[in-house]
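Undergrad: Before I ask anything, let me first share the structure, which is written out below as structure tokens.
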Amino acid sequence: MLDYKSDLDQGRDPQQLKFKRATDYISQPTVKEISKVWFLKVAKDKVAQPDDMRAFELHLYPKCGKRICDEITLQEWSSILFDIAEKANTVAVKILGNLRMIMRWGGAWNAKVPNS
524 MLDYKSDLDQ
534 GRDPQQLKFK
544 RATDYISQPT
554 VKEISKVWFL
564 KVAKDKVAQP
574 DDMRAFELHL
584 YPKCGKRICD
594 EITLQEWSSI
604 LFDIAEKANT
614 VAVKILGNLR
624 MIMRWGGAWN
634 AKVPNS
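Numbering (the numbering used here), first residue to last: 524 to 639.
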């Protein structure tokens, strides 16, 4: 309520600001979108890029590929990675390493995927 008053005092429409925040949130990239761009643009020269990308396709995308990055909590990431580690420990370590780089890179872009 207090935010609305301060917005009105500054001559801004609170309803429009709320709509803009909602559309900005919805326009954030999913885990699959941001990691695909990272693999194809940033990690394109990595020797293991095809294998790493395939690991994401097999293990990570089915569980959280369609979700917005900010929606996934640390506990959920841990649970997903522990599930993967039960079946393929080395793959889980590779996914974690790549995921850290992707999220750091995505944060540098303010979680907006540049045009592919």
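Glycine included, every Cβ here is placed at the ideal spot set by N, Cα and C.
Predicted model, so just to flag it, every value in this text is computed and none were measured.
#1: Does the distance from the C-beta atom of Ile-557 to that of His-582 stay below 8 Å?
#2: Could you give the first and the last residue of the continuous alpha helix (DSSP H) run that contains Arg-577?
#3: To the nearest whole angstrom, what separates the beta carbons of Gln-551 and Asp-606, a pair I think is in contact under 8 Å?
#4: Check whether the Cβ atoms of Gly-588 and Lys-555 lie closer than 8 Å to each other.
#5: Here's the rule: buried if 16 or more other CB atoms are within 10 angstroms of the residue's CB, otherwise exposed. What is Gly-630?
#6: How about Gln-572 and Ala-566: are their beta carbons less than 8 Å apart?
#7: From which residue to which residue does the alpha helix (DSSP H) around Trp-600 run?
#8: Taking DSSP's pairing of strands, which residues face Thr-553 in a bridge?
TA: From the atom records:
#1: Cβ atoms of Ile-557 and His-582: not closer than 8 Å.
#2: Note, Arg-577: alpha helix (DSSP H), 572-578.
#3: With a Cβ gap of about 25 Å, Gln-551 and Asp-606 do not count as contacting.
#4: Note that the C-beta distance between Gly-588 and Lys-555 is below 8 Å.
#5: Counting C-beta atoms within 10 angstroms of its own C-beta, Gly-630 has fewer than 16 neighbours from the protein chains shown and is therefore classed as exposed.
#6: Yes, these two residues count as a Cβ contact at 8 Å.
#7: Under the DSSP assignment, Trp-600 falls in the alpha helix (DSSP H) whose first and last residues are 597-610.
#8: Secondary-structure assignment with DSSP links Thr-553 through a beta bridge to Ile-591.
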